[in-house]
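Read the structure below first, then the notes.
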Amino acid sequence: MDIGPLNHVGVAVPSIEKAAQTYRDLYGCTDITEPGELPAQGVRFCFVNLPNSQIELIEPMGDDSPISNFLKKNPKGGQHHVCFEVEDIYKAKALMEERGATVLNEPRIGAHGTLIIFVHPKNTDGVLIELMETPKGDH
Ligand code: CO
98 MDIGPLNHVG VAVPSIEKAA QTYRDLYGCT DITEPGELPA QGVRFCFVNL
148 PNSQIELIEP MGDDSPISNF LKKNPKGGQH HVCFEVEDIY KAKALMEERG
198 ATVLNEPRIG AHGTLIIFVH PKNTDGVLIE LMETPKGDH
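Heads up: the sequence shown at position 56 corresponds to 153 in the numbering used here, and the numbers run straight through without jumps.
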C-alpha cells in the first residue's frame, strides 16, 4: 500500500462557526461547507475547501467527545490530525498492523461518507494519521 493524496488537515476548535469565520475574514476563503454532525463519534464538522485540499474543522459534541479531551489540553484549538486517502481501508488496516502500527478503531464511516481508520500518533512522529477510502466517483 502507498498512501494517496492528502485529503485534509483536521483542526479541533471550540466553535466551527467561529473558526469558519476566521478562514473567511483572515484568509478570504469563501468555499466552506455547511456544518455536518457525526453524533456517534461526538463531533460536528465542516470543510474549508482549498484549491488542492481541505481543512476539516471539528468541534466536540458532548463532554465524552474525544475532541473535548484535546481541547482541554489546547483550549484555543489546534491541529488534530492529517488525513491521507487509500483505496481499500481493510487492506490498509491489515497492512498498518502488519507493519507494527497501532490502528485505533475498526473501519467506520467518516465525515466524507467513506470508511476511515486512525493510526496512533506514536507511530508517526507524534502526528495522528487518518486514512480514508477515496470517495468513489470523486476523481
Ligand atoms: Co478528518
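Heads up, the beta-carbon is just placed ideally off N, CA and C, and yes, glycines get one too. Bear in mind that the values here come from a model prediction, so they are computed numbers and not experimental data.
If we ignore side chains and look at the alpha-carbon of each, how far apart do S150 and H105 end up? Using only the alpha carbons, I get a separation of about 6 Å.
Terminal residues of the continuous alpha helix (DSSP H) containing N166? First-last of the alpha helix (DSSP H) with N166: P163 to K170.
Mind listing which residues have their beta carbon within less than 5 Å of any non-hydrogen atom of ligand 1? Chain order is fine. Every residue whose beta carbon comes nearer than 5 Å to a heavy atom of ligand 1 appears here in chain order: G107, E153, C180 and E227.
Cβ distance (whole Å) where I164 is taken to contact G139 below 8 Å: The pair is a contact, with the Cβ atoms about 7 Å apart (cut-off 8 Å).
Nearest-angstrom Cα separation, counted from A191 out to D222: When rounded, the distance between both Cα atoms is 21 Å.
Boundaries (first-last residue) of the beta strand (DSSP E) holding M229: Element bounds for M229: I226 to E230.
Per DSSP, what kind of secondary structure is E194 in: helix, strand or coil? Of the three classes helix, strand and coil, the one that applies to E194 here is helix, per DSSP.
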